[in-house]
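Novice: With this note's numbering applied, the sequence shown covers 43 to 260.
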Amino acid sequence: MIQIAPSLLSADFSRLDEEVKAITDAGADLLHLDVMDGSFVPNITFGAPIIKAIRPSSKILFDVHLMIDEPIRYLDDFIKAGADIISFHVEATDRVRETLLYIKERGVKAALAIKPHTDPHVLDQYIDIVDMILIMTVEPGFGGQSLIPEALENARYAKKLILQSGRDILLEADGGIKSSNADTVVKAGVDILVAGSAVFGASDYEKAIKDIRISALS
Ligand code: DX5
Ligand code: ZN
């Protein structure tokens, strides 16, 4: 079953509690939370205090996407804030295995993210411990960009690797996903579709999620 993870980045930040409740009621499977530090990516969003503040608004799974340098420094904060899944970038640290283990040992799912132009072979050496792989289909930093079709090659490679491993590893894609291309993304082997502007930018969240699901099934 394909899962939809709307990205809060495109929500109305002046009404976060209502937005989280609305997206939960609209049938989202996870809530994707984009944390940016203005260093790993050229944009700043929010950190653990905001995630902690909206945690009581919904029981939905919190899928935290860290776009920050040396993420291990802040893991305790995000875990305490209520993250269910934590993704960090392979490009952001030399301590990848240590960071994955740190997350897993604290009962949170650990995911490794790669940017669109990163060689996906880097994933090989971590396939024995990752719980999820996040394939970026845009350059991280901003919502509302167009999907880079070549990045789907990375998803195909990751899917092959996951199947070979025999492990239960989720594959998520993030960036530029909407109802007009969700089918292509799913055909590349993706299980979780992140969608920011396509959902929070729509007037009817339930319909927007449904449209993506219908496309994903076709
Ligand atoms: C980009 C973020 C994405 C973004 C997706 O750096 O990681 O999660 O919010 O937004 P859309 O779906 O609008 O591309
Ligand atoms: Zn994201």
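Ideal Cβ placement from N, Cα and C applies to all residues, glycine included. Predicted model only: the values in this text are computed from it and were never measured.
Please report the residue range of the alpha helix (DSSP H) in which K229 lies.
Specialist: Where K229 is concerned, the enclosing alpha helix (DSSP H) stretches over A224 to K229.
Novice: Would you mind stating whether S129 and V106 have Cβ atoms separated by less than 8 Å?
Specialist: Contact flag set, yes.
Novice: Taking C-beta to C-beta, are L51 and L72 nearer than 8 Å?
Specialist: No, the pair does not count as a contact, with Cβ atoms beyond the cut-off.
Novice: Give every residue whose Cβ lies closer than 5 Å to any heavy atom of ligand 2, listed in chain order.
Specialist: This selection yields D76, H107 and D216.
Novice: Is any non-hydrogen atom of ligand 1 found closer than 7 Å to the C-beta of I219, if you look at the structure I gave you?
Specialist: Yes - ligand 1 has a heavy atom lying nearer than 7 Å to the Cβ of I219.
Novice: I'd like to confirm something about F120: is its beta-carbon nearer than 7 Å to some heavy atom of ligand 1, or not?
Specialist: No, ligand 1 has no heavy atom inside 7 Å of this Cβ.
Novice: For E112 versus M174, is the C-beta distance shorter than 8 Å?
Specialist: No, the pair does not count as a contact, with Cβ atoms beyond the cut-off.
Novice: May I ask whether a heavy atom of ligand 1 can be found less than 7 Å away from the beta carbon of H159?
Specialist: Not so, every heavy atom of ligand 1 lies at least 7 Å from the Cβ.
Novice: Mind checking whether the beta-carbon of G89 lies closer than 7 Å to any heavy atom of ligand 1?
Specialist: Outside the cutoff, so no.
Novice: Go to E60, then tell me how far its alpha helix (DSSP H) extends in each direction, as first and last residue.
Specialist: Taken as a continuous stretch (DSSP letters only), the alpha helix (DSSP H) holding E60 covers L58 to D67.
Novice: The beta strand (DSSP E) that contains K220, what's its start and end?
Specialist: Where K220 is concerned, there is no enclosing beta strand (DSSP E), given that its DSSP letter is neither H nor E.
Novice: Assuming K122 contacts S99 (C-beta within less than 8 Å), just tell me the rounded distance between them.
Specialist: Actually they do not touch by this definition, with Cβ atoms about 17 Å apart.
Novice: Who are M104's beta bridge partners in DSSP?
Specialist: Note that residue 104 corresponds to Phe in the displayed sequence, not to Met. L73, per the DSSP bridge assignment.
Novice: Please state whether the Cβ-Cβ distance between I169 and S221 is less than 8 Å.
Specialist: No, the pair does not count as a contact, with Cβ atoms beyond the cut-off.
Novice: For the stretch 157-172 against the stretch 189-197, do three or more pairs of beta-carbon atoms, one drawn from each stretch, fall closer than 8 Å, so that the two count as touching?
Specialist: Cβ pair count under 8 Å is three or more, so yes.
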